[in-house]
Amino acid sequence: MAHITLSHKAYKHNFNLISSYVGSNVEIAAVLKDNAYGHGLEQISAFARECGIQSVFVKNYSEALRVSEDFAHITALYGMPEGKFSPHIAFVVNQKEHIYALKKGTKVELKVNAGMNRNGVESKELEDFILAILKQGLELVGVFCHNGYGDEKDKTFYETQNTFASIKTHIKALSLKYGFKLPRFHSLSSSGAIALAGEGGISDDLVRIGIALYGYLDVAFANPISAQLQKVAALYADRVSTRYLKKGARIGYSGCTTLQDSSQISTYDIGYGDGFFRVSEDHKVYTAKGYQILPRSSMDCFSCLCSEPQICVFDDANVIARAFHTISYEVLTHLSPNLKRIIIK
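Sequential numbering of the sequence shown, starting at 1, is according to the UniProt record's numbering.
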């Protein structure tokens, strides 16, 4: 049966490598959103707990509930709670209506716009939002932004950090003015954290590490981390059938593959219904061992020029990403949650 293997050793290696690089004065929070980047939320949560991670970020309330007993601090990036929820789950405020939708005592993190211009409160609105949070009786536990320029580390990356530094100064002044506890500050994801750590230090309280914990850090700047990261996930498929076909035989829907030589062809139990991209005549896609996946792939299976009983479809999502002109994130997060996950220790 098709399945995904998850390397406990690789995840722990990545955590230790990143920890040693960013320094002991900065907390590493694990990003587990979107089913842990397609790896499996419950499985990766177990890995994170074993590494001593205390803070995690998930996509929404539904994901937060699935790990509610596992971590001291859980932040749901999108959406509002439904009914009762654990007091250690925080919800992100992007606009005023979020504040008024929450009950007294709820933990919140205020997202601010520091230059990405996507989500978050504008700097000029900070005091107004803080007052609304205090009036509603909510507990402000975090103020953060997302620096979306870390992959290139261009001048806008540093401008964004400077803007966030000004926001932190403003929040500290408001804390003194209104007497609320100073929240934690964070602005950096994997690439940004590695960029600043290599330049002498990070001033935030924590860094949100997502893709790097899974073994990927595809950035434009030189750093000592990328080449040392180990891939956590590998996708495997089992053979459904094998047949010998003569030269000129056509395969699959519309017969768009025509064999150039007589060959053994096998079908394997992964298709686009499982979240693996649809291989068409526009793509050249190969398995981890270099066997060609023949177009067109189907909802539940694909044909391949080999006869092995089980094949590794990929152990590096970048290989598939390049074939489809996308990024590793998309390949990984597409993987169906229904695929069996097997932990390798």
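Beta carbons are placed, not taken as given, at the ideal position from N, Cα and C, and that holds for glycine.
_Residue range of the unbroken alpha helix (DSSP H) whose run includes aspartate 238_ = Counted from its first residue, the sequence shown places residue 238 at position 238. Careful: aspartate 238 lies outside any alpha helix (DSSP H), inside the beta strand (DSSP E) at 233-245.
*Rounded to whole angstroms, what's the CA-CA distance from residue 353 to leucine 188? Just pull it up for me.*
In the structure as shown, the chain starts at 1 and stops at 345, and residue 353 therefore has no counterpart that could be examined.
*Thinking C-beta only, is isoleucine 89 closer than 8 Å to isoleucine 99?*
Taking the first residue of the sequence shown as 1, we reach residue 99 at position 99. Taking the first residue of the sequence shown as 1, we reach residue 89 at position 89. Pairing isoleucine 99 with isoleucine 89 gives a Cβ-Cβ distance that is not under 8 Å.
*Using DSSP with H/G/I as helix, E/B as strand and the rest coil, what is threonine 258?*
Numbered from its first residue, the sequence shown carries residue 258 at position 258. Looking at threonine 258 - three-state DSSP - the assignment turns out to be strand.
_First through last residue of the alpha helix (DSSP H) which encompasses tyrosine 37_ = Numbered from 1 along the sequence shown, position 37 holds the residue referred to as residue 37. Start and end: 33-37.
_Other residues of its chain near threonine 156: CB distance less than 7 Å, five sequence neighbours each side excluded_ = Against the sequence shown, residue 156 aligns to sequence position 156. If we look at threonine 156 and ignore the five residues flanking it on each side, its Cβ neighbours are Gly115 and Tyr149.
*Taking the C-alpha atoms as reference points, what is the distance between proline 295 and alanine 321?*
Counted from its first residue, the sequence shown places residue 295 at position 295. Counted from its first residue, the sequence shown places residue 321 at position 321. Distance between the alpha carbons of proline 295 and alanine 321: 17 Å.
*Where glutamate 159 sits in the DSSP three-state scheme*: Taking the first residue of the sequence shown as 1, we reach residue 159 at position 159. Three-state result, glutamate 159: helix.
*From isoleucine 44 to leucine 32, what distance separates their C-alpha atoms?*
Taking the first residue of the sequence shown as 1, we reach residue 44 at position 44. Taking the first residue of the sequence shown as 1, we reach residue 32 at position 32. Taking the straight line from one Cα to the other gives about 8 Å.
*asked:* By DSSP's criteria, leucine 332 is part of a beta bridge. Which residues make up the other side?
replied: Numbered from its first residue, the sequence shown carries residue 332 at position 332. Secondary-structure assignment with DSSP links leucine 332 through no beta bridge to anything.
*Best match in Ala212, Arg239 and Gly83 for proximity to alanine 233 [C-alpha to C-alpha]*: To locate residue 233, count along the sequence shown from 1; it is residue 233. Closest by alpha carbon: Ala212.
*asked:* Considering only DSSP beta bridges, list what tyrosine 268 is partnered with.
replied: Residue mapping note: residue 268 aligns to position 268 of the sequence shown, counting from 1. DSSP lists Arg239 and Phe302 as partners of tyrosine 268.
*Cβ-Cβ separation, phenylalanine 129 to valine 121 (assumed contact under 8 Å), whole Å*: Against the sequence shown, residue 121 aligns to sequence position 121. Against the sequence shown, residue 129 aligns to sequence position 129. The C-beta distance from valine 121 to phenylalanine 129 rounds to 5 Å, short enough to fall under 8 Å.
*Look at the alpha carbon of threonine 333 and the alpha carbon of alanine 64, and state the distance between them as a whole number of angstroms.*
Counted from its first residue, the sequence shown places residue 333 at position 333. Counted from its first residue, the sequence shown places residue 64 at position 64. About 18 Å.
*Measuring CB to CB, does isoleucine 209 end up less than 8 Å from isoleucine 343?*
Locating residue 209 in the sequence shown gives position 209, counting from the first residue. Locating residue 343 in the sequence shown gives position 343, counting from the first residue. Cβ atoms of isoleucine 209 and isoleucine 343: not closer than 8 Å.
*Could you check where the alpha helix (DSSP H) with valine 319 kicks off and where it finishes?*
As a first step, residue 319 is located in the sequence shown; it is residue number 319 there, counting from the start. Residues 317-323.
*What's the call for threonine 169, buried or exposed, on a 16-neighbour Cβ count within 10 Å?*
Counting from 1 along the sequence shown, the entry for residue 169 is found at position 169. Exposed, because fewer than 16 other Cβ atoms sit within 10 Å of the Cβ of threonine 169.
*State the DSSP-derived secondary structure class of valine 22, mapped to helix, strand or coil.*
Counted from its first residue, the sequence shown places residue 22 at position 22. Looking at valine 22 - three-state DSSP - the assignment turns out to be helix.
*Pull up the distance between the alpha-carbon of lysine 9 and that of arginine 49, whole angstroms please.*
As a first step, residue 9 must be located in the sequence shown, where it is residue number 9. As a first step, residue 49 must be located in the sequence shown, where it is residue number 49. Rounded to the nearest angstrom, the two C-alpha atoms are 14 Å apart.
_Restricting to runs no shorter than 4 residues, where is the alpha helix (DSSP H) found entirely within the region 37-77?_
41-50 and 61-66
*From glycine 290 to aspartate 218, what does the alpha carbon distance come to, in whole angstroms?*
Numbered from 1 along the sequence shown, position 290 holds the residue referred to as residue 290. Numbered from 1 along the sequence shown, position 218 holds the residue referred to as residue 218. Distance between the alpha carbons of glycine 290 and aspartate 218: 22 Å.
_Pairwise C-alpha distance: aspartate 315 and cysteine 51_ = Reading the sequence shown from its first residue, position 51 is the one you call residue 51. Reading the sequence shown from its first residue, position 315 is the one you call residue 315. About 23 Å.
*Within its chain, find whatever has a CB closer than 7 Å to the CB of cysteine 256; leave out the 5 residues flanking it on each side and keep chain order.*
Counting from one through the sequence shown, the residue named residue 256 turns up at place 256. The residues are Glu281, Pro295 and Arg296.
*Starting from glutamate 109 and walking both ways along the alpha helix (DSSP H), at which residues does that stretch end?*
Residue 109 sits at position 109 when you count from the first residue of the sequence shown. Here glutamate 109 belongs to no alpha helix (DSSP H); instead the beta strand (DSSP E) covers 107-111.
*Start-to-end residues for the beta strand (DSSP E) that takes in leucine 196*: Within the sequence shown, the letter at position 196 stands for residue 196. From DSSP, leucine 196 is part of no beta strand (DSSP E) but of the alpha helix (DSSP H) over 190-197.
*Measure the alpha-carbon distance for glutamine 21 versus serine 263 and round it to whole angstroms.*
Numbered from 1 along the sequence shown, position 21 holds the residue referred to as residue 21. Numbered from 1 along the sequence shown, position 263 holds the residue referred to as residue 263. It should be pointed out that residue 21 corresponds to tyrosine in this sequence rather than to glutamine. C-alpha of tyrosine 21 to C-alpha of serine 263: approximately 50 Å in a straight line.
*Rounded Cβ spacing between arginine 243 and isoleucine 265 (contact assumed at less than 8 Å)*: Within the sequence shown, the letter at position 243 stands for residue 243. Within the sequence shown, the letter at position 265 stands for residue 265. Arginine 243 to isoleucine 265, Cβ: 6 Å. Contact.
*From the DSSP output, in three-state form, read off serine 226 for me.*
Here residue 226 corresponds to residue number 226 of the sequence shown, with the count starting at 1. In the structure shown, serine 226 sits in a helix (DSSP, three-state: H, G or I).
_Proximity to cysteine 301 [Cα-Cα], best of Glu109, Thr267, Ser62 and Ile311_ = In the sequence shown, residue 301 corresponds to position 301, counting from 1. The shortest C-alpha separation from cysteine 301 is found at Thr267.
*Looking at the structure shown, is threonine 169 part of a helix, part of a strand, or coil, going by DSSP?*
As a working note, residue 169 is residue 169 in the sequence shown. Looking at threonine 169 - three-state DSSP - the assignment turns out to be helix.
*Starting from phenylalanine 185, follow the beta strand (DSSP E) in both directions and report where the run begins and ends.*
Stepping through the sequence shown from its first residue, residue 185 is reached at position 185. 184-186 is the span of the beta strand (DSSP E), which, as asked, contains phenylalanine 185.
*Less than 8 Å between the CB atoms is what I'm expecting for valine 56 and alanine 30, so what's the real figure, rounded?*
Against the sequence shown, residue 56 aligns to sequence position 56. Against the sequence shown, residue 30 aligns to sequence position 30. The Cβ separation is near 5 Å, so the contact holds.
*Please classify tyrosine 291: does DSSP put it in a helix, a strand, or coil?*
Counting from 1 along the sequence shown, the entry for residue 291 is found at position 291. DSSP places tyrosine 291 outside both helix and strand once states are collapsed to three, so it counts as coil.
*What is the DSSP secondary structure of glutamate 122, reduced to helix, strand or coil?*
As a first step, residue 122 is located in the sequence shown; it is residue number 122 there, counting from the start. Glutamate 122: coil per DSSP, three-state reduction.
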